[in-house]
Amino acid sequence: MDCSFLKILACPKCNNELHYNHITHELICKVDRLAFPIKDGIPLLLEKEAKQFNE
């Protein structure tokens, strides 16, 4: 995942920044504790696609 690309993405629920998890290959919102999947290099930033994230 291109880190410069992350600067323009935001959580669709709270608009806070997202962090890339190199282990699970997901985008993480630490505020809402949601993990958004990345499929074929495309982030799926839909709440219904997200799962709860536990650190």
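Numbered according to our numbering, the sequence shown spans residues 2 to 56.
Where is the CB? At the ideal position from N, CA and C, for every residue including glycine.
State the start and end residues of the unbroken beta strand (DSSP E) segment that holds Leu1. Residue 1 is absent from the model: the chain starts at 2 and stops at 56.
Alpha helix (DSSP H) segment containing Cys4, residue limits: Annotation: the continuous alpha helix (DSSP H) that includes Cys4 extends over Cys4 to Leu7.
Starting from Leu46, follow the beta strand (DSSP E) in both directions and report where the run begins and ends. Element bounds for Leu46: n/a, residue is neither H nor E.
Beta-carbon separation of Val32 and Asn55 under 8 Å? The Cβ-Cβ distance between Val32 and Asn55 does not fall below 8 Å.
Going by the beta-carbon positions, is the gap between Leu28 and Ile39 smaller than 8 Å? Judged by beta-carbon spacing, Ile39 lies within the 8 Å limit of Leu28, meaning their Cβ atoms are closer than that value.
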